[in-house]
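Residue numbers (our numbering), protein chains in the order written: chain A, 4 to 474; chain B, 4 to 474.
Next comes the structure, spelled out in structure tokens:
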């Protein structure tokens, strides 16, 4: 097995090493594309299953819209095409012929979906319309990084239409809260929910909400967004409904998405020098069994391991028995790198006592346990909770509150979130970015009621805002 | 509600009407593309869940490869590019610039996957490699038909690499058998498994197996295929492994796929004049409850219906209570059109007896039952089984055995499978197609041991082969 660069030495190289050596993903032949290998894709499947349940529980229905969008559709919403034009991939030839109009490979599906919404929505009876789709989208990014930012990514995009602004506002918050709770409960990620500043909002939205995750290199990752589209698309796509009084009105819309990039957050928020540390809820393997074989009793131990693996599977755990011919030491490193939450070592001694030697990957502590349903469930829950509390602690310890630009620069260089009073202004934000490379991550919802003097311009009525270097 | 054309009057119009009025799908803005609406997509989700389980049980792992394939990759296998070149969609511009090499939007993923296989496979320890992916593919079809044949479709594609020819042969059969069993058990479809003739096989395969479904208009539908790729791609992509003796060898490969087109089979094999008839296993709604409200007792009945719906959901049934303000007659038609297997009508009388008036959609028979777990389960199983036996009966009754071209033509015009002894010959097949529009569907595996004189050329040692008009 190749060694990985310890995270403490070089986070960037550590990341590339982990992605490759844990067999999460591989580079595709086209620049900026990625291949999800089975171990990485299994994490995505678990994320999908968990989030899909929450999406459906909210009354949202899945559907599928085409990959190809006529170029003219994107042009209908002025801000939308301005934002996306530089990132588009265009199909110009099909079936051996040049097409009359180039087709856009979807970068997001607002325009093609809302073309249908205009047909499907006639009266207030058709509202709210709440549609989601799991698909692939393409954005021609200049700087790419495996999983975090690529030419093509997998995601879900939710799109809703409502009769009133108040309902749409509520849905924007419901969706971003759903994401926040989902990554907290299933991915053990602590995140900050807030509003994007004007220069960071979605092209075509009135406002954008986001949840931001702080990674172990001190950079922030925008991990999912929920947008208030207001009536911007409705007016351009003519999505109208007859209200109860028989008056024709435009609908109010939202859209929200979470992508495979969240796997990048998972890697970089929890990983350590030895590799991944996966929360049990999304770990493709929750328990790995490593037999410790002495020559004379090999069969007995292996049989016991097989039986135990079968029993644990029947209980609903995701278990892998590593019966390969490699040494125990090699296996230990390998499964630690892959972030498996619990390891059971089983040799002759364990057979006799009915206990196994267990290793908790999050703490790297060893202890003896009986491999029973309740005990394993409890340990997995503890690991799940500990990873969250570690990540929360790290985030809070790397959140700096400052009130002037000099301290701001120093804090940004230390890494982490820098909390300042800031009066949203695109020009100022560009200036700050140029001087420090930091960007406004969000205006946290939890401190919306506070206001003060802008740390940079000294304007009053500025709001508490988080800045950070970001991916 | 709009009326649908009865199937017995005009199958083509009936199909388009059902797809639209049952809200399965809608046309996309680009010619030949399709939008899966929630009801149609829910069927696909149930198909995916069921088939994915069988795929994983066979030891195949899911992954995800990029949408874009360098054009040069497709050219590496000569037959492959010859077969697919006329159907390709090409991306020529990305990020505002013309690309140096056009990218192909994947029509299938052999070439991009096998580029990785060459890196991942080093020794016999890495074999068999068994990978599947669920994704979207694009083929620029000239004639399109909603769900059955479009520019873009959803599918799964399995790709395996083996050390020996025998193992690969076995895998080809395992996959096609898995499909056959899956559609029999979950989609109530009777299908014929066999080998494709030379002119119908996959571009790049040594041989192709297929399962063919006979639709109610007498046309056949190729519903899934499994290909023996032999070493054709391995040689061109240099996929080699060290065997146990340390000798470098090319792997043996297979690929197999099943797509959303199977939903077309589901519609056209089971539907009747009133619309869809869905097998319970893949019905998004298995039981619809229609309250029959008299003015004075409305609340009591509605409450009972709500409680019953809740209880049935808790039992694991997919249930919908139609509490809308439409008339019962309207609701009956609507849910019959949508093919819901069981309907419960509940009014004051039903409250008093604790029984409900149930309608079996497959037979349109009414009876009283107690809405208990065992009873509902039994009825759903009966519907599931009856749809299969009806479809089998229809298929067998529309399979004609003939031994000369005159009878062949007559049988083809009646519709159905026509069984003949036929000596595989591409030129002859083209001639038959021109004269009758029928194509060779498959050489059934069940009668491989039989041989006779070719019905057209009189050659000896011809094999029993099914012909039909096909989609």
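Here a beta-carbon is modelled for each residue, glycine too, at the ideal position from N, C-alpha and C.
Interface flag, residue i vs chain B, CB-CB below 9 Å
i	result
residue 48/A	yes
residue 392/A	no
residue 39/A	yes
residue 36/A	yes
residue 336/A	no
residue 386/A	no
residue 45/A	yes
residue 403/A	no
residue 446/A	no
residue 53/A	no
residue 158/A	no
residue 139/A	yes
residue 151/A	no
residue 174/A	no
residue 145/A	yes
residue 56/A	no
residue 64/A	yes
Residue i burial status per 10 Å Cβ neighbour count (16 or more: buried)
i	result
residue 1/A	Because chain A spans 4 through 474 in this model, residue 1/A falls outside it and cannot be assessed.
residue 406/B	exposed
residue 399/A	exposed
residue 378/B	exposed
residue 125/A	exposed
residue 240/A	buried
residue 468/A	buried
residue 16/B	exposed
residue 301/B	exposed
residue 89/B	exposed
residue 458/A	buried
residue 376/A	exposed
residue 112/B	buried
Among the options, the one whose alpha carbon lies nearest that of residue i
i	options	result
residue 187/B	399/B, 391/B, 449/B and 433/B	391/B
residue 159/B	66/B, 364/B and 176/B	66/B
residue 481/B	185/B, 130/B, 326/B and 135/B	Beyond the ends of chain B as shown, which are 4 and 474, falls residue 481/B; an answer cannot be given.
residue 211/B	179/B, 404/B and 397/B	179/B
residue 142/A	70/B, 105/B and 89/B	70/B
residue 372/B	311/B, 357/B and 365/B	357/B
residue 442/A	222/A, 171/A and 88/A	222/A
residue 363/B	335/B, 138/B, 251/B and 376/B	335/B
residue 343/A	327/A, 329/A and 361/A	361/A
residue 140/A	229/A, 36/A, 79/A and 215/A	36/A
residue 309/B	249/B, 24/B and 347/B	347/B
residue 216/A	387/A, 292/A, 402/A and 254/A	402/A
residue 423/A	396/A, 395/A and 453/A	453/A
Cut-off 6 Å between Cβ atoms - residues of its own chain near residue i, not counting five sequence neighbours on either side
i	result
residue 439/A	412 and 415
Any C-beta of chain A under 9 Å from that of residue i
i	result
residue 155/B	yes
residue 118/B	yes
residue 105/B	yes
residue 313/B	no
residue 239/B	no
residue 291/B	no
residue 453/B	no
residue 247/B	no
residue 108/B	yes
Nonlocal neighbours in the same chain, by C-beta distance under 8 Å from residue i, ignoring five residues either side
i	result
residue 460/A	426, 428 and 431
residue 266/A	27, 43, 46, 47, 50 and 150
Near the ligand ZN: residue i beta-carbon under 8 Å from a heavy atom
i	result
residue 140/B	Absence of the ligand ZN from the depicted structure is noted, as is the absence of any ligand whatsoever, leaving it without description.
Cutoff 7 Å; reference residue i; Cβ partners in own chain excluding five residues on either side
i	result
residue 320/A	289, 290 and 379
residue 229/A	175, 178, 179, 212, 257 and 259
_Along the segment 66-95 of chain B, where does the CB come closer than 8 Å to a CB of chain A? Name the residues._
66, 67, 68, 69, 70, 71, 72, 73, 76, 88, 89, 90, 91, 92, 93, 94 and 95
*Just by C-beta distance, which residues in the segment 186-219 of chain A are closer than 9 Å to chain B?*
none
_Under 7 Å, CB to CB, which of the residues in the segment 255-267 of chain B have a partner in chain A?_
none
*chain A contacts from the segment 6-37 of chain B (Cβ-Cβ distance under 8 Å)*: 29, 31, 32, 33, 36 and 37
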